[in-house]
Amino acid sequence: MSPITLAISAGCPCGIGPEVTAAALASMSPKHPDVSFVVHGDEGALADAGALRGVRWDELPRVTLAPATTLSADERRPGPPSMAAGRAQLVALDAALDTVLSGSADALVTGPIDKAAVTRSGTPFLGHTEHLAARCGVPRVVMMFAGPRLRTTLVTTHRPIARLSVELSREAVRESVLITARALLTWFGMRSPASSCAGSTPTQAKGDSSGARRSRSSRPPSTRPAPRSGPGSRSSDRWGRSRPTARRRTGASTPWSRCSTTRRPSPRSSSTSARR
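Under our numbering, read the sequence shown as residues 25 to 300, first letter to last.
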């Protein structure tokens, strides 16, 4: 394996990011002689984290500190981030990204950010996905959670319910599926990846300002009334709003949110399902 360099943004200087970074590198750097690490974060926060975890940064092999900011002890005090800490975590993220874009590092690893603190400091911030896409000039991206056997991508991220009727469309689903398929072919070496679409109950992350307009009365799918079938019938979407159902040529009524991207059923199997 060729040597690689990872650029790390340590996240919020008032949060757990610097401490997790120190502990992870103390464990990982001796075990991976082919990997170098460049850590971007607040100088004082990284020093505090090293002292707390008993980590001497200068003794870690192939670990380089690249301080992005120098906050005072009060500005980096653990707890709710100060205004200066809100700005500092975005500065560290951009510094780490610049290291990758310049070719000095091969990949970016990001620590947790307090989105609300970044926004309060003067820069609207929805999340890493949107910020990195904007910085890299990429108009359409998807967020992927990659596990050993399952890779999951999201059609929408950090959006209030009121915007879903505009942003969640068949074209958006199709585009997300195609981007995911290309990634599975290119980055994961899959010859013929199979994919499926599924909906989920909205959640609100801590500090996610987009959740201000999200519904407080969302019910899990298991508690929603079952949709009625038949010509002209209506069903409830995942937020309890009534909507018409679409009819296939087989006569089966199907809500728009149900879709499968694995393969198109044959007319015979569709007719059989419809009769059932």
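Just so you know, even glycine gets a beta-carbon here, dropped at the ideal spot from N, CA and C. If you're wondering where the values come from, they're calculated on a predicted model, not measured in any experiment.
Q) Which residues share a DSSP beta bridge with M168? A) For this step, residue 168 is matched to residue 144 along the sequence shown. DSSP, once it has assigned bridges, lists T177 as partnering M168.
(Q) Buried or exposed for V190, going by 16 or more other Cβ atoms inside 10 Å? (A) Residue numbering aside, residue 190 sits at position 166 when the sequence shown is read from its first letter. Exposed.
Q. How many Å lie between A157 and T147 at the Cα?
A. In the sequence shown, counting from the first residue as 1, residue 157 sits at position 133. In the sequence shown, counting from the first residue as 1, residue 147 sits at position 123. The alpha-carbon atoms of A157 and T147 are separated by roughly 15 Å.
Q: Compare the Cα-Cα distances from E43 to each of V62, P136, V124 and L209 and report the closest residue.
A: Here residue 43 is taken as the residue at index 19 of the sequence shown, counted from 1. Checking every option, the nearest Cα to that of E43 belongs to P136.
Q. What do you get for L76, buried or exposed, if any count of 16 or more other CB atoms within 10 angstroms of its CB means buried?
A. In the sequence shown, counting from the first residue as 1, residue 76 sits at position 52. Per the 10 Å Cβ criterion, exposed.
Q) Can you tell me the Cα-Cα spacing of R159 and H152, whole angstroms? A) Reading the sequence shown from its first residue, position 135 is the one you call residue 159. Reading the sequence shown from its first residue, position 128 is the one you call residue 152. Cα to Cα, the separation comes out at about 10 Å.
Q: Pick helix, strand or coil for H56, following the three-state DSSP scheme.
A: As a working mapping, residue 56 is identified with position 32 in the sequence shown. Three-state result, H56: coil.
Q: Look up A236 in the DSSP assignment and say whether it is helix, strand or coil.
A: Within the sequence shown, the letter at position 212 stands for residue 236. Annotation note: pLDDT 49 at A236 (below 50); position unreliable, coordinate value reported separately. Note: A236 maps to helix in three-state DSSP.
**Q.** Residue(s) in a DSSP beta bridge with A90
**A.** Counting from 1 along the sequence shown, the entry for residue 90 is found at position 66. DSSP, once it has assigned bridges, lists H64 as partnering A90.
Q. So the beta strand (DSSP E) I137 belongs to, where does it begin and stop?
A. On the sequence shown, position 113 is the one that residue 137 refers to. Neither: I137 is in no beta strand (DSSP E) and is coded neither H nor E.
Q. DSSP beta-bridge partners for A131?
A. Here residue 131 refers to the residue found at position 107 when the sequence shown is read from its first residue. L30, per the DSSP bridge assignment.
Q | Rounded straight-line distance, which links the Cα of T45 to that of L188 | A | Along the sequence shown, read from residue 1 onward, the residue named residue 188 stands at position 164. Along the sequence shown, read from residue 1 onward, the residue named residue 45 stands at position 21. Approximately 36 Å, taken between the alpha carbons.
Q: With a threshold of 16 other CB atoms inside 10 Å of the CB of A129, please say whether the residue is buried or exposed.
A: For the purposes of this step, residue 129 is identified with residue 105 of the sequence shown, where counting begins at 1. The residue in question, A129, is buried, as its Cβ has 16 or more Cβ neighbours within 10 Å.
Q. Is the region 60-74 in contact with the region 119-128, if contact means three or more CB pairs nearer than 8 Å?
A. yes
**Q.** Per DSSP, cross-strand counterpart(s) of S193
**A.** Here residue 193 refers to the residue found at position 169 when the sequence shown is read from its first residue. Looking at the DSSP assignment, S193 forms no beta bridge with any residue, so it has no partner.
Q) DSSP puts S51 in a beta bridge; with which residues? A) In the sequence shown, the residue the question calls residue 51 occupies position 27. The partner list for S51 (beta bridge, DSSP) is empty, contrary to what the question assumes.
Q: Give a yes or no on whether the C-beta atoms belonging to S60 and R86 are separated by under 7 Å.
A: Along the sequence shown, read from residue 1 onward, the residue named residue 60 stands at position 36. Along the sequence shown, read from residue 1 onward, the residue named residue 86 stands at position 62. Yes.
Q.
Does R194 pass the burial test, meaning 16 or more other C-beta atoms within 10 Å, or should it be called exposed?
A. Reading the sequence shown from its first residue, position 170 is the one you call residue 194. Exposed, by the Cβ-count rule.
Q) Taking Cβ positions, are V115 and A141 nearer each other than 7 Å? A) Locating residue 115 in the sequence shown gives position 91, counting from the first residue. Locating residue 141 in the sequence shown gives position 117, counting from the first residue. Result no, Cβ atoms of V115 and A141 do not sit closer than 7 Å.
Q. Rounded to a whole number of angstroms, what is the C-alpha to C-alpha distance between K55 and A112?
A. Here residue 55 refers to the residue found at position 31 of the sequence shown. Here residue 112 refers to the residue found at position 88 of the sequence shown. In a straight line, the C-alpha of K55 is about 31 Å away from that of A112.
Q.
Measuring straight from C-alpha to C-alpha, what distance separates A186 and L192?
A. Taking the first residue of the sequence shown as 1, we reach residue 186 at position 162. Taking the first residue of the sequence shown as 1, we reach residue 192 at position 168. Taking the straight line joining both Cα atoms gives about 11 Å.
Q: Pull up the distance between the alpha-carbon of A196 and that of L150, whole angstroms please.
A: As a position in the sequence shown, residue 196 is number 172, starting the count at 1. As a position in the sequence shown, residue 150 is number 126, starting the count at 1. If I take the Cα positions, the gap works out to 19 Å.
Q: State buried or exposed for G74, treating a residue as buried only when at least 16 other CB atoms are found within 10 Å of its CB.
A: Stepping through the sequence shown from its first residue, residue 74 is reached at position 50. When all chains shown are included, G74 counts as buried.
**Q.** For L174, the nearest candidate out of G41, T94 and F212 (CA to CA)
**A.** Translated into the one-based positions of the sequence shown, residue 174 becomes position 150. L174 has its Cα closest to that of F212, out of G41, T94 and F212.
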